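Below is one structure; the comments refer to it alone.
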Amino acid sequence: MTTKTDAARDADDADVGAAGSQLSTAPQEEISFPSLGPIGWARWFWRQLTSMRVALILLFLLSLGAIPGSLVPQTSIDPTKVEQFRTDHTTLAPVYDKLGLFHVYSSVWFSAIYLLLFISLIGCIVPRTWQFVGQLRSRPPGAPRRLTRLPAYTTWRTDRSPEDVLGAAQRLLKKRRFRAHTVGDAVAAEKGYLREAGNLVFHISLIVILVAVAVGSLWKSEGGKLVVEGDGFANSLTQYDNFKSGAFYDTDDLEPFGFSLKSFDASYERTGPQKGTPREFRANISYFQGADGQEHQGKIEVNHPLEIADSKIFLLSHGYAPVVEVSDGRGKKVYSGAVPFLPQDMQNYTSTGVVKVPNALTEEGKRNQLGFSGFFVPTYGGKGSGSMFSTFPALDNPRLTLTAYHGDLGVDSGLPQSVYQLEKKNLKQYKQDGRAVAQMMQPGETMKLPGGDGSIKFVGVKQWATFQVSHQPGNGLALIGAVAVLLGLAGSLFIQRRRVWVRAVRGADGVTVVELAGLGRSESARLPEELADLAEALGPDAPQSAEVAAVPDPDAPQSAEVAAVPDPAPSAAPKKPAPTEPENAAKPSDSADDPADPSEGARA
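Listed below in structure tokens is the structure:
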């Protein structure tokens, strides 16, 4: 059996015939200049767009375009960070706005690349699919005139008739799952169609992934909610702290479900270099589904969301909510509850927050809106620590420091304002003896307001957690596409498409000459090995002649792999070896009119 170089095979194209054709569904590229005019240029542009080369370029550009979407804050994910970026980078922000870098995935240029890639893949795959279907319906081409020109070849002589050899060869090849049929004096067989099928599955799966991304973007919904221990959430638009959805999503389609935060478990490493690192981070909840759904118990951890209906509930962050009681100048309790404070230090949870009391009155019964801003630390370092920052994230030594204001909070103006910020434009700070009224309190302590305007008591601390409710309809489709991509890629890489021919003709001396040759889509050491195995398996049905030893064709290069069938015993060998192909042996004609190219299958 022999292996030939590309140069040698190119020199033998005329002898191979149609055997090397159609081993690939890659369209043949013809160099031609489009005719002038709109139609010609449109055809040229379509051919370029639907080429695999352009599809790969577009896929690369899509990957590059996703980089700024990961590095630059996105409006759809965190508008607060976007505004902070604009404040910190006054020069870059206008440039980013013009380039659409704050909303990459909905920008014009990213959408253009996405749509062009989608069209390119469809335009590339559809014709290749039809061509592949045509190949499945057709039969393998007949044998070339000179099988010795093929990259893998072996021959021997046998006393069996050509009809018996061809029948045995066809049965053997079909048993090895080749598509085989007899054409003239040879059996033509082909195997490895799954290679091209895997290639098509790979590219079709890319389209499936693109469709899944589009579906997930157009029909998605996503919202966030901060829930304090003991409070709950219902899946209604008014319940969300923030909510965004795709262009085709209808808010009337919100699934009826809800949950309550029963408790939050958090533990931290207390010693060593990883001091303060969370070891346990779990929200214990009860949830229901449907208007009259039964309540169930569950838990949500980081990277372990809870699935309800078609939505997933993710645990995002955690913090503390000091519980306070506010009394006005008449001694009436006008506010009591937990106030979430937002962490400014995510390592030790030094937090800031405000308390707004719009319905307070003075001793005389006059309206006197109260506001408090301050800091909360779960673990105060003590008077000698030199600062109000927390030294550990757990509730070891909580402290609440508040500064008091009174006047108009602006809640009646009709303008929206943040519950975590205090609008001080129409407020006055309480002062006593020329100093601002502020106090650090432990749980159970109370701060009195000057002039008998009331007091605020630090009762205790609750925990809160923020959740993200996400509805992504395209995730299942994307998973199917990703799995299909891997399967298709494995098939296109590890399956080799190849053709095998077995020719049997009777020579002038009455001995049948058997030739076995193979052609693969690309050079592979497996093809000669498979051909040798086929020759050995065919040996019992076409044993080597005991009178005439097999002599290779003088035109065929020799190789150590030629001997697929054992040589006869020395005593049975003739004195003078007979030629492999007698002069008066039958000379089959070419199997097709088109010249063959053994390297045809190597095209992408």
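Residues 1305 to 1908 in this note's numbering are what the sequence shown spells out, letter by letter. For each residue, glycine too, the CB sits at the ideal point set by N, CA and C. Note that the structure is predicted; figures quoted are calculated from it, not measured.
Using 9 Å as the limit for Cβ to Cβ distance, is residue i near chain D?
i, result
"R1803", "Looking at the structure shown, chain D is missing, and only one protein chain is on hand."
In the structure shown, what three-state DSSP assignment does residue i receive?
i, result
"G1785", "helix"
"M1751", "strand"
"T1884", "Caution is warranted here: a pLDDT of 39 is assigned to T1884, below 50, making its placement in the model unreliable, and no coordinate value can be reported."
"Q1800", "coil"
"P1431", "helix"
"S1590", "strand"
"P1299", "The displayed coordinates of the chain run from 1305 to 1908. Any statement about residue 1299 would go beyond what the structure contains."
"Q1721", "coil"
"A1769", "strand"
"P1647", "strand"
"F1693", "coil"
"G1576", "coil"
"E1500", "helix"
"P1398", "helix"
"S1640", "strand"
"F1506", "helix"
"T1542", "helix"
"A1794", "helix"
"A1850", "coil"
"L1454", "coil"
"Q1439", "helix"
"Q1862", "Annotation note: pLDDT 40 at Q1862 (below 50); position unreliable, coordinate value reported separately. The answer is coil: DSSP assigns Q1862 none of H, G, I, E or B."
"K1687", "helix"
"G1714", "coil"
"A1808", "strand"
"S1567", "strand"
"S1521", "helix"
"G1669", "coil"
"G1780", "helix"
For the alpha helix (DSSP H) that contains residue i, what are its first and last residues?
i, result
"P1626", "Segment 1615-1631 is the beta strand (DSSP E) holding P1626; no alpha helix (DSSP H) there."
"Y1409", "Taken as a continuous stretch (DSSP letters only), Y1409 belongs to no alpha helix (DSSP H), as it is neither H nor E."
"F1349", "1342-1353"
"S1367", "1356-1375"
"K1479", "1466-1479"
"K1385", "1383-1392"
"P1839", "Reading the sequence as shown, one finds Ala at residue 1839 and not Pro. It spans 1830-1842 - the alpha helix (DSSP H) in which A1839 sits, taken as one unbroken run."
On the premise that residue j lies in contact with residue i, defined as a C-beta separation below 8 Å, what is that separation, rounded to the nearest angstrom?
i, j, result
"L1454", "G1822", "7 Å"
"T1816", "S1465", "6 Å"
"I1589", "I1612", "Wrong, their Cβ atoms sit about 10 Å apart, outside the cutoff."
"E1573", "R1583", "6 Å"
"Y1639", "V1661", "5 Å"
"P1697", "V1681", "Contact doesn't hold; Cβ gap of about 10 Å is too wide."
Express the C-alpha separation of residue j and residue i in angstroms, rounding to a whole number.
i, j, result
"A1876", "R1481", "Unreliable positioning characterises A1876 in this predicted model, as indicated by a pLDDT of 30, which lies under 50. The coordinate reading is nonetheless provided below. Near 36 Å, if we compare the C-alpha coordinates of R1481 and A1876."
"T1656", "R1739", "22 Å"
"W1350", "A1782", "28 Å"
"R1443", "L1838", "21 Å"
"T1695", "T1581", "13 Å"
"G1344", "L1425", "22 Å"
"R1475", "P1844", "13 Å"
"T1462", "F1422", "58 Å"
"P1560", "Q1435", "50 Å"
"E1599", "F1537", "13 Å"
"A1708", "T1379", "35 Å"
"P1754", "A1664", "14 Å"
"T1394", "V1386", "12 Å"
"G1641", "S1549", "32 Å"
"L1440", "A1447", "18 Å"
"F1552", "V1723", "31 Å"
"D1569", "T1575", "19 Å"
"V1376", "M1751", "44 Å"
"K1637", "G1669", "14 Å"
Just curious, the beta strand (DSSP E) that residue i is in, first and last residue?
i, result
"E1819", "1816-1824"
"A1490", "1490-1495"
"V1681", "1673-1681"
"T1705", "1703-1711"
"F1537", "1536-1538"
"F1552", "Looking at the DSSP string, F1552 is not in any beta strand (DSSP E), and its letter there is neither H nor E."
"Q1743", "1742-1745"
"F1484", "Residue 1484 is actually Ala in this sequence, not Phe. Counting along the chain, the beta strand (DSSP E) containing A1484 begins and ends at 1483-1487."
Check your understanding: Do the segment 1772-1787 and the segment 1623-1641 touch if we need at least three Cβ pairs shorter than 8 Å?
Key -> no
Check your understanding: Can we say the segment 1501-1509 touches the segment 1792-1809, given the rule of at least three CB pairs closer than 8 Å?
Key -> yes
Review point. If we count Cβ pairs, one from each stretch, closer than 8 Å, do we get three or more for the segment 1805-1812 versus the segment 1647-1665?
Key: no
Practice item. Taking 8 Å as the threshold, find out whether the segment 1465-1479 comes into contact with the segment 1764-1782 through three or more Cβ pairs. Key: no
Check your understanding: Is the number of C-beta pairs between the segment 1400-1419 and the segment 1363-1373 that are closer than 8 Å three or more?
Key -> yes
Check your understanding: Between the segment 1724-1732 and the segment 1763-1774, do at least 3 Cβ pairs fall closer than 8 Å?
Key -> no
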